[in-house]
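These protein sequence lines map, in sequence, to chains A and B. The numbers in the first sequence follow our numbering, run straight up by one, and end at 164. The numbers in the second sequence follow our numbering, run straight up by one, and end at 323. Glycine included, each C-beta is placed from N, C-alpha and C at the ideal position. Source: prediction; values computed, not measured. In what follows, a structure is listed as structure tokens, so that the remarks can point back to it.
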Amino acid sequence: MITMTVNGEKKEVLAEPRELLIYVLREKMGMTGPHVGCETSHCGACTVEIDGKSVKSCTMFAAQAQGAEITTIEGLGSPDSLHVLQESFKEHHGLQCGYCTPGMITRAHRLLQANPNPTEEEVRFGIAGNICRCTGYQNIVKSILSAAAELNAAKEAAQ
Amino acid sequence: MIPAAFEYHRPSDIAGALSVLAEHGDEARVLAGGHSLIPMMKLRMADVPHLIDLQDIADLKGITIDGDTVTLGAMTTQHELIADEALFAACPIIREAALQIADPQVRYMGTIGGNVANGDPGNDMPGLMQCLDARFTLVGADGTRSVAARDFYESAYMTERDDEEILTQITFSATGAGYAYEKQKRKIGDYATAACAALITKDGDKVATAAIAMTNLSDIPVLSEAAAAALVGTSCDADAVKAAVAAALEDIDPTEDNRGPVAFKMHVAGIIISRAITRAWSGA
Chain A
6 MITMTVNGEK
16 KEVLAEPREL
26 LIYVLREKMG
36 MTGPHVGCET
46 SHCGACTVEI
56 DGKSVKSCTM
66 FAAQAQGAEI
76 TTIEGLGSPD
86 SLHVLQESFK
96 EHHGLQCGYC
106 TPGMITRAHR
116 LLQANPNPTE
126 EEVRFGIAGN
136 ICRCTGYQNI
146 VKSILSAAAE
156 LNAAKEAAQ
Chain B
40 MIPAAFEYHR
50 PSDIAGALSV
60 LAEHGDEARV
70 LAGGHSLIPM
80 MKLRMADVPH
90 LIDLQDIADL
100 KGITIDGDTV
110 TLGAMTTQHE
120 LIADEALFAA
130 CPIIREAALQ
140 IADPQVRYMG
150 TIGGNVANGD
160 PGNDMPGLMQ
170 CLDARFTLVG
180 ADGTRSVAAR
190 DFYESAYMTE
200 RDDEEILTQI
210 TFSATGAGYA
220 YEKQKRKIGD
230 YATAACAALI
240 TKDGDKVATA
250 AIAMTNLSDI
260 PVLSEAAAAA
270 LVGTSCDADA
280 VKAAVAAALE
290 DIDPTEDNRG
300 PVAFKMHVAG
310 IIISRAITRA
320 WSGA
């Protein structure tokens, strides 16, 4: 039995040691936003946030996440109330097929926590663990830079 | 993608990990960040009936700088190496190299100990550790021993570490030397076609000391003493760099793979070594 907090909710799940976190999230918890795009830990489609780190959940056994706090794309916003990054990806056409998007946005979320005011180069380097087949990255970079600007403006307004 | 079944162990101290290793011998492997081992398990290229997760062992974590001595706990992640300002002040080449390893997600998980203990010639840290003349601490049932990084690598995936030992920490001296880690790769996250770590100190306008080590140009990392000897005492002018590069190329033995044929790798290595030396000298 593994206990973890997923998107703020405490979850208990029975899993074999060899079960990868991505499968436990998708098949046992219904979090089907994070995707599987490869078997060599390159694509980052399975990226989730674990204890403040961006992690490729295909390269972690669920057992390793015992006690962890996990955020998936489902925890960032909802269709009625999009997260700033989700809104920005929509606005700037930062997705087409949508398969890399959950991992991309979850990664971008952590990137902006670590570096709230990134340059274009820092954004590109910061999402280098996430591959996209559709967009050519340009609009993803735009989406993230725009979300950063919006988050910073909101922060300033709040002060 | 689907690893074979195994038994999972999560000891809270080194003694606990050693006892699982002692009990199961080569049926057991330690799990650090998991970003080389798990991919191999998913391809069924590694058979690990007993997996010992080291994440709860506090003694394996942390960066300590005591005077000139830098000690890195084996479970320190690449992300932590990059972020640590005191480590950057004591040994800036570590951050430069770590930023050329893998990608953000992998760096959040992958550890320095896993990188150096893995034994894959593609890993970047082993050559760098040879350049720094680091020492690795190995703890086993018979006690603790220290092995120089320069003596640690035997052949691809074969190291001085015994199956029942754990690499617990890495120690080296802080260095104000001019430095460079130059890496040619096909894309982000790729292992090097050729990479070179260089550390150079200056006395007046001459090279006082030099250390030159290369990555993924043989089945083990290669420290070229001949390249260093070709630089010491010179003013690191074009002729000296040329002589050092020629000496370094004598010491490597690349193999053909999808990064290119041997002749191409020798050519790339020459350029990368030359760049590393030139940049390290400019900061010396």
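- [ ] For chain B, find out if any of its Cβ atoms is closer than 7 Å to the Cβ of GLY141(A); answer yes or no.
- [x] Taking the first residue of the first sequence as 1, we reach residue 141(A) at position 136. Taking Cβ atoms only, chain B never reaches closer than 7 Å to GLY141(A), which makes this a no.
Open item on the list: Ignoring anything shorter than 4 residues, give me the alpha helix (DSSP H) runs that lie fully in the region 120-148 of chain B, in order along the chain.
Closed with: List check, alpha helix (DSSP H) in window: 124-129, 132-137, 143-148.
Open item on the list: Can you list, in chain order, the residues of its chain with a C-beta nearer than 6 Å to that of TYR230(B)? Leave out the 5 residues immediately preceding and following it.
Closed with: Locating residue 230(B) in the second sequence gives position 191, where the first residue counts as 1. So the qualifying residues of the chain are GLY161, ASN255.
Task: Cβ pair count under 8 Å reaching 3, the region 144-156 of chain A against the region 55-67 of chain B - done: Counting Cβ pairs under 8 Å, fewer than three are found: no touch.
Task: Neighbourhood of ARG31(A) by C-beta, 6 Å cutoff - its chain only, sequence neighbours within 5 removed - done: By 1-based counting over the first sequence, the position of residue 31(A) is 26. Cβ neighbours of ARG31(A) beyond the five flanking positions: THR37.
- [ ] Would you kindly work out how many angstroms separate the C-alpha atoms of GLU21(A) and LYS222(B), rounded to a whole number?
- [x] Locating residue 21(A) in the first sequence gives position 16, where the first residue counts as 1. Locating residue 222(B) in the second sequence gives position 183, where the first residue counts as 1. If I take the Cα positions, the gap works out to 40 Å.
TODO: Could you tell me whether any Cβ in chain B is nearer than 7 Å to the Cβ of GLN69(A)?
DONE: Looking up residue 69(A) in the first sequence gives position 64. Yes, its Cβ sits closer than 7 Å to a Cβ of chain B.
Task: Secondary structure of MET253(B), DSSP reduced to three states - done: Here the question's residue 253(B) lines up with position 214 in the second sequence. DSSP places MET253(B) in strand when its eight states are reduced to three.
Open item on the list: With the cut-off set at 7 Å, would you say VAL29(A) and PRO39(A) are in Cβ contact?
Closed with: In the first sequence, the residue the question calls residue 29(A) occupies position 24. In the first sequence, the residue the question calls residue 39(A) occupies position 34. No, they are not a contact pair.
Task: Proximal residues of chain B, C-beta to C-beta of THR64(A) below 9 Å - done: To locate residue 64(A), count along the first sequence from 1; it is residue 59. Near THR64(A) (Cβ distances below 9 Å), the residues of chain B are GLY72, GLY73, HIS74, ILE77, PRO78, LYS81, GLN144, VAL145, MET148.
Open item on the list: Which residues in chain B have a C-beta closer than 8 Å to the C-beta of GLY134(A)? List them in chain order.
Closed with: By 1-based counting over the first sequence, the position of residue 134(A) is 129. Neighbours of GLY134(A) in chain B, taken as residues at a C-beta separation under 8 Å, are given in chain order as ALA141, ASP142, PRO143, GLN144, VAL145, ILE227, GLY228.
Open item on the list: So with CB distances below 7 Å, who are the chain B contacts of HIS47(A)?
Closed with: By one-based count along the first sequence, residue 47(A) stands at place 42. Going along chain B in sequence order, the residues near HIS47(A) (Cβ under 7 Å) are GLY228.
Open item on the list: Quick check: is the beta carbon of VAL11(A) nearer than 7 Å to any beta carbon in chain B?
Closed with: Stepping through the first sequence from its first residue, residue 11(A) is reached at position 6. With 7 Å as the cut-off, VAL11(A) does not count as an interface residue toward chain B.
- [ ] Report yes if the C-beta distance between LYS257(B) and ILE291(B) is below 7 Å; otherwise report no.
- [x] Sequence index remark: in the second sequence, residue 257(B) carries index 218 (1-based). Sequence index remark: in the second sequence, residue 291(B) carries index 252 (1-based). Residue 257(B) is actually Ser in this sequence, not Lys. Contact annotation: SER257(B) and ILE291(B) have beta-carbon atoms nearer than 7 Å.
Task: Any C-beta of chain A under 7 Å from that of ALA97(B) - done: As a first step, residue 97(B) must be located in the second sequence, where it is residue number 58. No, no contact with chain A.
TODO: Could you tell me which uninterrupted beta strand (DSSP E) segments, each at least 3 residues in length, are contained entirely in the region 14-94 of chain A, listed from first to last along the chain?
DONE: Complete beta strand (DSSP E) runs here, min 3: 14-18, 52-55, 58-61, 74-76.
Open item on the list: For the region 105-112 of chain B against the region 98-105 of chain A, do three or more pairs of beta-carbon atoms, one drawn from each stretch, fall closer than 8 Å, so that the two count as touching?
Closed with: Result no; under three Cβ-Cβ pairs closer than 8 Å.
Task: Sufficient close CB pairs (3 or more, under 8 Å) joining the region 57-68 of chain A to the region 134-153 of chain B - done: Three or more Cβ pairs closer than 8 Å define a contact, and the region 57-68 of chain A meets that threshold against the region 134-153 of chain B.
- [ ] Using a Cβ-Cβ cut-off of 7 Å, state whether TYR218(B) counts as contacting chain A.
- [x] Along the second sequence, one-based indexing puts residue 218(B) at 179. So no, TYR218(B) is outside the interface.
Task: Distance CB(ALA277(B))-CB(LEU270(B)) smaller than 7 Å - done: Mapped onto the second sequence, residue 277(B) falls at position 238. Mapped onto the second sequence, residue 270(B) falls at position 231. No, Cβ-Cβ distance for ALA277(B) and LEU270(B) is not below 7 Å.
Task: THR77(A) classed as buried or exposed, judged by whether at least 16 other C-beta atoms fall within 10 angstroms - done: Taking the first residue of the first sequence as 1, we reach residue 77(A) at position 72. By the beta-carbon neighbour count (other beta carbons within 10 angstroms, threshold 16), THR77(A) is buried.
Open item on the list: Nearest by alpha-carbon distance to GLY93(B): which of ALA250(B), MET305(B), ILE132(B), SER58(B) is it?
Closed with: As a first step, residue 93(B) is located in the second sequence; it is residue number 54 there, counting from the start. In the sequence as presented, Gly is not what sits at residue 93(B); that position holds Leu. Checking every option, the nearest Cα to that of LEU93(B) belongs to SER58(B).
- [ ] Examine chain B for any beta-carbon lying closer than 7 Å to the beta-carbon of SER148(A), and answer yes or no.
- [x] Stepping through the first sequence from its first residue, residue 148(A) is reached at position 143. It does not; no Cβ of chain B falls within 7 Å.
- [ ] Let me know the secondary structure DSSP gives PHE45(B) once reduced to three states.
- [x] Mapped onto the second sequence, residue 45(B) falls at position 6. PHE45(B): coil per DSSP, three-state reduction.
TODO: Could you name the residues of the same chain whose beta carbon sits closer than 8 Å to that of LYS58(A), not counting the 5 residues immediately before and after it, in chain order?
DONE: In the first sequence, residue 58(A) corresponds to position 53, counting from 1. Closer than 8 Å at Cβ, skipping near neighbours: ARG115.
Task: Status (buried if at least 16 other CB within 10 Å, exposed otherwise) for TYR196(B) - done: The residue given as residue 196(B) occupies position 157 in the second sequence. With fewer than 16 other Cβ atoms from the protein chains shown falling within 10 Å of its own Cβ, TYR196(B) counts as exposed.
- [ ] Check whether the region 79-95 of chain B touches the region 72-86 of chain A, taking contact to mean three or more Cβ pairs, one atom from each stretch, closer than 8 Å.
- [x] Touching, no, given that fewer than three Cβ pairs across the two stretches are closer than 8 Å.
- [ ] Flag MET84(B) as yes if its beta-carbon sits less than 7 Å from any beta-carbon of chain A, otherwise no.
- [x] Locating residue 84(B) in the second sequence gives position 45, where the first residue counts as 1. It does not; no Cβ of chain A falls within 7 Å.
Open item on the list: Taking 7 Å as the threshold (beta carbon to beta carbon), is MET114(B) in contact with chain A?
Closed with: Mapped onto the second sequence, residue 114(B) falls at position 75. With a threshold of 7 Å between beta carbons, MET114(B) makes no contact with chain A.
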